[in-house]
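> Protein chains in written order, with our numbering: chain A, 4 to 555; chain B, 2 to 267.
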Amino acid sequence: MIKRLLILSILLTAIVLAIVTRFYKLGTAPAGLYLDEAGQGYNAYSILKTGRDEFGKSFPFVFRSFIDFKTPVYVYLIVPLIPFFDLTPLTVRLPSFIFSILTLPILFLLLRKLSPPKLAIPLSLLSTLLLAISPWHILFGRTNFECNVALFFFLAGVYFFYKSLAKPIWLIPAAALFAVAIPAYHSQRIVTPAILIFLLIRYRQKLLAKNFRPFLILSLAIGLIISLPTISIMFTPGFLARAAGLNIFSSPHPAGFLDNYHGWWEWLVNNRIFLSTWEFASLYVSYLSPRDMFLLGDYGPRSSFPELATFYLWQFPFYLYGIYLLIKNKTLGELRTFLMAFLLIAPIPAALTRDPYSTIRALPLVIPQLTIIALGMIFFWQKFSSKLWRWGMMIALAIIVFYSLTKLYSSVIILNEFFRAKYWDYGWQKVVEVIQRDLDPKLPIVVDNSRFEPYSQLVFFLKYDPLKYQHDNYEVPLNEYYANMNRNRTKIIGNIITRAIDWEHDLLAEQYLIGDELSISYTQIKEHNLTLISEILYPDRSVAYRIVKIKK
Amino acid sequence: MTRLIIVLSLIFWPLSLFLANTVGDFVKYFFPVLLLILSWQLFKKNNSLFLWPTLLIPFFEPKLAVLPLLLGVMNLKRHWLFIGATAIVLAFNFKAFWGQTIFKADYEAQQEIIGKSYLYPNVPLARLFQNKGRIYVNKFTANFLALSDPNNYFFGFHPREIKVDNQNLRKFPFLGIMFMLLGFYYLAQLPQKKFVMVLLTASFISLTVLNIFDRHDVILWLPLSILYIHGVKEFSTKKWWWHRLNRGFYVVFIIFTVWELIRLFL
Numbered sequence: 004m005i006k007r008l009l010i011l012s013i014l015l016t017a018i019v020l021a022i023v024t025r026f027y028k029l030g031t032a033p034a035g036l037y038l039d040e041a042g043q044g045y046n047a048y049s050i051l052k053t054g055r056d057e058f059g060k061s062f063p064f065v066f067r068s069f070i071d072f073k074t075p076v077y078v079y080l081i082v083p084l085i086p087f088f089d090l091t092p093l094t095v096r097l098p099s100f101i102f103s104i105l106t107l108p109i110l111f112l113l114l115r116k117l118s119p120p121k122l123a124i125p126l127s128l129l130s131t132l133l134l135a136i137s138p139w140h141i142l143f144g145r146t147n148f149e150c151n152v153a154l155f156f157f158l159a160g161v162y163f164f165y166k167s168l169a170k171p172i173w174l175i176p177a178a179a180l181f182a183v184a185i186p187a188y189h190s191q192r193i194v195t196p197a198i199l200i201f202l203l204i205r206y207r208q209k210l211l212a213k214n215f216r217p218f219l220i221l222s223l224a225i226g227l228i229i230s231l232p233t234i235s236i237m238f239t240p241g242f243l244a245r246a247a248g249l250n251i252f253s254s255p256h257p258a259g260f261l262d263n264y265h266g267w268w269e270w271l272v273n274n275r276i277f278l279s280t281w282e283f284a285s286l287y288v289s290y291l292s293p294r295d296m297f298l299l300g301d302y303g304p305r306s307s308f309p310e311l312a313t314f315y316l317w318q319f320p321f322y323l324y325g326i327y328l329l330i331k332n333k334t335l336g337e338l339r340t341f342l343m344a345f346l347l348i349a350p351i352p353a354a355l356t357r358d359p360y361s362t363i364r365a366l367p368l369v370i371p372q373l374t375i376i377a378l379g380m381i382f383f384w385q386k387f388s389s390k391l392w393r394w395g396m397m398i399a400l401a402i403i404v405f406y407s408l409t410k411l412y413s414s415v416i417i418l419n420e421f422f423r424a425k426y427w428d429y430g431w432q433k434v435v436e437v438i439q440r441d442l443d444p445k446l447p448i449v450v451d452n453s454r455f456e457p458y459s460q461l462v463f464f465l466k467y468d469p470l471k472y473q474h475d476n477y478e479v480p481l482n483e484y485y486a487n488m489n490r491n492r493t494k495i496i497g498n499i500i501t502r503a504i505d506w507e508h509d510l511l512a513e514q515y516l517i518g519d520e521l522s523i524s525y526t527q528i529k530e531h532n533l534t535l536i537s538e539i540l541y542p543d544r545s546v547a548y549r550i551v552k553i554k555k
Numbered sequence: 002m003t004r005l006i007i008v009l010s011l012i013f014w015p016l017s018l019f020l021a022n023t024v025g026d027f028v029k030y031f032f033p034v035l036l037l038i039l040s041w042q043l044f045k046k047n048n049s050l051f052l053w054p055t056l057l058i059p060f061f062e063p064k065l066a067v068l069p070l071l072l073g074v075m076n077l078k079r080h081w082l083f084i085g086a087t088a089i090v091l092a093f094n095f096k097a098f099w100g101q102t103i104f105k106a107d108y109e110a111q112q113e114i115i116g117k118s119y120l121y122p123n124v125p126l127a128r129l130f131q132n133k134g135r136i137y138v139n140k141f142t143a144n145f146l147a148l149s150d151p152n153n154y155f156f157g158f159h160p161r162e163i164k165v166d167n168q169n170l171r172k173f174p175f176l177g178i179m180f181m182l183l184g185f186y187y188l189a190q191l192p193q194k195k196f197v198m199v200l201l202t203a204s205f206i207s208l209t210v211l212n213i214f215d216r217h218d219v220i221l222w223l224p225l226s227i228l229y230i231h232g233v234k235e236f237s238t239k240k241w242w243w244h245r246l247n248r249g250f251y252v253v254f255i256i257f258t259v260w261e262l263i264r265l266f267l
């Protein structure tokens with residue numbers, strides 16, 4: 004009884020830590036709302052109000068958005084939240100937060116199932132605690148990224164699969180969860196089927212046994228039915244857009260291509276097969292490299308926090324020890340097999356894309372890597388039997404966790420807000436406030452879009468009528484929604500139009516112009532005798548956007 | 002075939018270093034490796050003076066002045082006379098050595114720390130995360146993790162090349178990562194494992210404290226090559242479930258390695 008209470012209290016502590024690290028200033032930190040977040044939020048709003056997305060497509064299977072064809076699960080998860088929380092940055096980040104928290108108990112249950120009995124409770128508890136304070140997982144739990152939600156469905160599917168080995172009826176929820184995981188994020192289109200194949204081959208004898216067969220057939224049928232919308236569009240350019248655009252094989256000149264060499268050996272030296280193989284191998288290995296994991300983190304400013312990598316530096320020696328144990332210790336049983344398979348499969352989709360160490364695409368990797376770290380910590384702990392040493396290590400762990408939390412605060416709340424606000428498109432909410440408060444609604448407003456795409460944030464913060472938006476903005480015929488890759492960058496939002504500022508013709512009419520510091524410089528304001536209405540500044544006091552008026 | 006694989010793999014790093022530098026520079030960076038090879042040969046012959054050739058290293062490259070001292074200290078049989086000699090040599094080269102380490106004052110980094118500290122709501126928090134000690138820790142960590150990055154050795158740091166003060170040399174053929182991993186996995190069965198691990202560790206530490214370790218890290222070529230060769234031998238002799246595919250892998254390996262070698266010249 005006491006043991007159970009202790010386990011529950013540690014698990015609850017981990018969940019509370021997770022809630023605190025993810026919910027504190029959720030919606031306001033990161034400051035700003037990135038265009039993809041606004042796009043998903045507005046599409047959810049449009050679905051809620053009209054049953055159609057911003058282009059008028061009824062309940063699409065992938066969302067066209069910026070012709071990046073966003074995965075649908077996250078958008079549909081936002082829809083029911085809008086009536087309760089309104090259309091705000093908090094609302095669009097809430098599904099990430101919720102599923103990020105739900106991942107913890109699922110991880111606990113999964114590891115408890117996989118691990119040898121003596122290791123089950125300590126490993127599952129410690130892994131859960133590490134996930135609660137993981138910078139990698141926290142980032143995607145605080146922001147609108149589909150990968151987080153997909154990870155939950157995937158892990159839940161794995162858990163119920165293992166549960167089904169004792170009771171076959173659990174195959175049904177496993178199939179349903181896997182079927183939802185696949186369309187939830189792009190990388191799950193590879194990870195989920197690969198792990199499924201691994202599990203099905205590994206347990207083929209059990210699954211094909213007489214008592215399992217009916218449930219297996221039913222599960223496959225349910226999985227297929229849920230996957231039908233995805234299957235119906237899987238060969239369309241829209242479905243493949245993201246993969247086609249980012250994969251390492253699509254570039255006309257792969258990485259390492261020598262442009263200046265045209266000699267005898269060009270067919271060999273610049274051979275695509277060799278170059279692509281080399282490139283894939285280098286990208287793949289980088290996901291397992293300590294330098295990326297513990298020092299550099301993701302190169303993208305929105306996929307990382309300043310001065311924080313994907314793991315804490317203090318976890319590095321335990322990671323090495325954990326890897327050693329994973330390879331050498333055969334008594335780890337199914338945990339070892341599953342972790343190795345997961346560790347080797349998880350980086351594959353990310354390694355097929357050009358970006359180096361993309362944490363969003365490789366998010367599933369956080370699970371095996373954190374578990375390996377936890378393994379290293381537990382076996383290290385077991386080397387010391389003296390009570391004094393053990394108390395010392397507990398105190399050290401508590402101090403380390405506290406330090407890690409303050410480090411998180413430093414990077415996530417203080418430094419990120421100051422240095423990365425522009426990357427999160429900070430300022431559009433204030434622009435909309437000025438538009439609504441200070442600008443004459445009868446005059447046109449031109450919002451420059453030569454270097455960025457502001458329309459999604461504008462319609463989001465204006466809570467612009469989706470019906471009117473669909474009516475005024477035509478892009479492609481609806482029967483070509485998934486196939487036609489044309490894009491209309493000019494958007495009409497009432498009296499607002501987003502397009503490039505035309506300094507020759509726009510000065511002839513009385514209207515407002517909105518743009519960044521490059522679009523509307525002080526020189527231009529002086530030169531064209533414009534009236535500066537408002538300047539929106541980033542937290543570092545540099546200019547984000549200017550709103551000017553052209554006098555008649 | 003294994004001999005061919007070993008030869009093709011081991012010429013990679015020296016060739017890469019040679020092609021990316023002048024002859025004079027190549028000799029300067031590679032000479033310590035020759036002294037280490039001599040030391041290794043003496044060790045294999047159980048010669049008790051095997052460490053002494055390394056004493057010459059600081060005279061050719063003061064940056065590596067701490068290497069012989071570390072080798073002496075880390076060696077299981079204490080060579081007190083040698084350690085004394087290395088300490089004297091280090092003291093002799095100390096000024097030249099110290100100016101090349103991460104402990105040299107970095108004004109730019111200090112200014113960055115000061116600037117960031119104003120962002121914090123209180124002084125204790127600012128001091129905890131923005132302090133001068135952090136400058137040294139960050140540099141040490143960056144070096145340490147760069148030297149333990151497998152992408153460094155098999156892909157020239159690709160896809161995250163070091164943009165400043167690093168030639169991002171290819172050190173081993175990328176398919177050789179398999180042999181290197183096997184070499185580490187079967188380390189316990191390596192006859193000269195103590196020498197290799199001491200040399201590897203001492204080299205690692207002496208490189209990690211340098212401001213710029215690039216090209217000097219060629220001193221890792223010897224211990225890593227020994228491990229690599231060991232990995233190749235294990236691969237060829239162990240009866241894995243896939244051992245019948247060994248020949249196929251060798252062919253693929255040779256083709257890719259020749260391709261990489263040709264590209265080194267371009």
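Each residue gets a CB set at the ideal place from its N, CA and C atoms; glycine is no exception.
#1: By Cβ distance below 8 Å, which residues in the same chain neighbour L211/A in space, the five residues on each side in sequence not counted?
#2: I need the boundaries of the beta strand (DSSP E) containing Y515/A, first residue and last residue.
#3: Would you mind giving the Cβ-Cβ distance between S10/B and Y229/B, rounded to the nearest angstrom? I have them listed as a contact below 8 Å.
#4: Could you work out which residue in S230/A, T526/A, D519/A, V551/A is closest to T534/A when comparing CA atoms only?
#5: For K331/A versus G35/A, is the C-beta distance shorter than 9 Å?
#6: Counting beta carbon pairs with one atom in the stretch 454 to 461 of chain A and one in the stretch 495 to 511 of chain A, are three or more of them shorter than 8 Å?
#7: Would you mind giving the Cβ-Cβ distance between T233/A and Y485/A, rounded to the nearest angstrom? I have them listed as a contact below 8 Å.
#8: Looking only at its own chain, which residues have a Cβ that is under 7 Å from the Cβ of I38/B, when we skip the five neighbours before and after it?
#9: Compare the C-alpha of F157/A against each of K390/A, P367/A, L511/A, W384/A and name the closest.
#10: Since N212/B meets chain C, which of its residues come closer than 7 Å, beta carbon to beta carbon?
#11: Of all the options L5/B, L265/B, F95/B, which has the alpha carbon lying nearest to the alpha carbon of G157/B?
#12: Can you tell me whether Y477/A is buried or exposed, with buried defined as 16 or more other CB within 10 angstroms of its CB?
#13: Could you check whether the Cβ of P224/B sits closer than 9 Å to any Cβ belonging to chain A?
#14: For the candidate residues L316/A, E513/A, T24/A, V95/A, whose alpha-carbon lies nearest to that of M296/A?
#15: Since L211/B sits in a beta bridge, which residues does DSSP pair it with?
#16: Starting from K410/A, find everything on chain B with Cβ-Cβ shorter than 8 Å and list it in chain order.
#17: Taking the alpha-carbon of I276/A as reference, which of I136/A, S253/A, V288/A has the nearest alpha-carbon?
#18: So the beta strand (DSSP E) Y548/A belongs to, where does it begin and stop?
#19: Evaluate the contact criterion for the stretch 278 to 286 of chain A versus the stretch 102 to 118 of chain A: three or more CB pairs, one atom per stretch, below 8 Å.
#20: Helix, strand or coil for F277/A? Go by DSSP, reduced to three states.
#21: With 16 as the cutoff for other CB atoms within 10 Å, does D56/A come out buried or exposed?
#22: Measuring straight from C-alpha to C-alpha, what distance separates V579/A and T501/A?
#23: Assign M181/B to buried or exposed, taking buried as 16 or more other Cβ atoms, counted over all protein chains shown, within 10 Å of its Cβ.
#24: Assuming F155/B and G177/B make a contact with CB atoms under 8 Å, what is their CB distance in whole Å?
#25: Within this structure, are the beta carbons of S222/A and A177/A separated by less than 9 Å?
#26: Counting only Cβ-Cβ distances shorter than 9 Å, please list the residues of the stretch 445 to 472 of chain A near chain B, keeping chain order.
#27: Is DSSP giving S537/A helix, strand or coil here?
#28: Are the C-beta atoms of L126/B and some chain A residue less than 9 Å apart?
#29: Measuring alpha carbon to alpha carbon, tell me which residue in I403/A, Y467/A, G144/A, L516/A is nearest L446/A.
#30: Rounded to the nearest angstrom, what separates F69/A and L249/A at their Cα positions?
#31: To the nearest angstrom, how far is the alpha carbon of L90/A from that of Y48/A?
#32: Within 9 Å of any Cβ in chain B, is that where the Cβ of P371/A sits?
#33: Look at the Cβ atom of V67/B, then the Cβ atom of V253/B, and state whether they are nearer than 9 Å.
#34: T340/A lies in the alpha helix (DSSP H); which residues open and close that run?
#35: Pick helix, strand or coil for S127/A, following the three-state DSSP scheme.
#36: Can you list, in chain order, the residues of its chain with a C-beta nearer than 6 Å to that of F83/B? Leave out the 5 residues immediately preceding and following it.
The relevant details are as follows:
#1: Taking the first sequence and counting its residues from 1, one reaches residue 211/A at position 208. Closer than 8 Å at the Cβ level, and outside the excluded window around L211/A, lie L219.
#2: Taking the first residue of the first sequence as position 1, residue 515/A is located at position 512. Annotation: the continuous beta strand (DSSP E) that includes Y515/A extends over 514 to 518.
#3: Stepping through the second sequence from its first residue, residue 10/B is reached at position 9. Stepping through the second sequence from its first residue, residue 229/B is reached at position 228. With 8 Å as the limit, S10/B and Y229/B qualify as a contact, their Cβ atoms being about 6 Å apart.
#4: Position 531 of the first sequence holds residue 534/A. Out of S230/A, T526/A, D519/A, V551/A, V551/A has the C-alpha closest to the C-alpha of T534/A.
#5: As a first step, residue 331/A must be located in the first sequence, where it is residue number 328. As a first step, residue 35/A must be located in the first sequence, where it is residue number 32. Going by C-beta atoms, K331/A is not nearer than 9 Å to G35/A.
#6: The stretch 495 to 511 of chain A, when compared against the stretch 454 to 461 of chain A, does touch it at the 8 Å Cβ threshold.
#7: Your numbering for residue 233/A matches position 230 in the first sequence. Your numbering for residue 485/A matches position 482 in the first sequence. Cβ-Cβ separation between T233/A and Y485/A: approximately 12 Å, too far for a contact (criterion under 8 Å).
#8: Walking along the second sequence from the start, residue 38/B turns up at place 37. L223, listed in sequence order.
#9: For the purposes of this step, residue 157/A is taken as residue 154 along the first sequence, with counting starting at 1. Minimum Cα distance to F157/A is reached at P367/A.
#10: Absent here is chain C; the protein component of the structure consists of chains A and B.
#11: Stepping through the second sequence from its first residue, residue 157/B is reached at position 156. Closest by alpha carbon: L265/B.
#12: The residue given as residue 477/A occupies position 474 in the first sequence. Exposed, by the Cβ-count rule.
#13: Counting from one through the second sequence, the residue named residue 224/B turns up at place 223. Judged by the 9 Å Cβ criterion, P224/B is not in contact with chain A.
#14: Position 293 of the first sequence, counted from the start, is the residue given in the question as residue 296/A. Put simply, of L316/A, E513/A, T24/A, V95/A the residue whose alpha carbon is nearest the alpha carbon of M296/A is L316/A.
#15: What you label residue 211/B is simply residue 210 of the second sequence in a count that begins at 1. Answer is T102/B.
#16: Within the first sequence, residue 410/A is the residue found at index 407, counting from 1. F130, listed in chain order.
#17: Here residue 276/A is taken as the residue at index 273 of the first sequence, counted from 1. In terms of Cα proximity to I276/A, the closest of I136/A, S253/A, V288/A is S253/A.
#18: Taking the first residue of the first sequence as position 1, residue 548/A is located at position 545. Element bounds for Y548/A: 546 to 553.
#19: Too few Cβ pairs lie closer than 8 Å, so no.
#20: Locating residue 277/A in the first sequence gives position 274, where the first residue counts as 1. Reduced to three states, the DSSP call for F277/A is helix.
#21: In the first sequence, the residue the question calls residue 56/A occupies position 53. Per the 10 Å Cβ criterion, buried.
#22: Residue 579/A cannot be examined here, being either before or after the span of chain A that is shown, 4 to 555.
#23: One-based indexing of the second sequence puts residue 181/B at position 180. Label assigned to M181/B: buried.
#24: As a position in the second sequence, residue 155/B is number 154, starting the count at 1. As a position in the second sequence, residue 177/B is number 176, starting the count at 1. Indeed, because the Cβ distance is near 7 Å, the residues count as touching under 8 Å.
#25: Working through the first sequence from its first residue, we reach residue 222/A at position 219. Working through the first sequence from its first residue, we reach residue 177/A at position 174. Contact check for S222/A against A177/A passes: the beta carbons are separated by less than 9 Å.
#26: Within the stretch 445 to 472 of chain A, no residue qualifies.
#27: Along the first sequence, one-based indexing puts residue 537/A at 534. Assignment of S537/A by DSSP, reduced to helix, strand and coil, places it in the strand class.
#28: Residue mapping note: residue 126/B aligns to position 125 of the second sequence, counting from 1. Using beta-carbon distances, L126/B counts as an interface residue toward chain A, with a partner under 9 Å.
#29: Taking the first residue of the first sequence as 1, we reach residue 446/A at position 443. Checked all of I403/A, Y467/A, G144/A, L516/A; the closest Cα to L446/A is L516/A.
#30: Taking the first residue of the first sequence as 1, we reach residue 69/A at position 66. Taking the first residue of the first sequence as 1, we reach residue 249/A at position 246. Roughly 15 Å separates the two Cα atoms.
#31: As a position in the first sequence, residue 90/A is number 87, starting the count at 1. As a position in the first sequence, residue 48/A is number 45, starting the count at 1. Approximately 7 Å between the Cα atoms of the pair.
#32: Residue mapping note: residue 371/A aligns to position 368 of the first sequence, counting from 1. Using a Cβ-Cβ cut-off of 9 Å, P371/A does not count as an interface residue toward chain B, since no Cβ of chain B sits closer than that to its own.
#33: Indexing the second sequence from 1 puts residue 67/B at position 66. Indexing the second sequence from 1 puts residue 253/B at position 252. Cβ distance not < 9 Å, so V67/B and V253/B don't count as in contact.
#34: For this step, residue 340/A is matched to residue 337 along the first sequence. Counting along the chain, the alpha helix (DSSP H) containing T340/A begins and ends at 337 to 348.
#35: Taking the first sequence and counting its residues from 1, one reaches residue 127/A at position 124. DSSP places S127/A in helix when its eight states are reduced to three.
#36: Taking the second sequence and counting its residues from 1, the one referred to as residue 83/B is at position 82. Correct list, in chain order: L52, G73.
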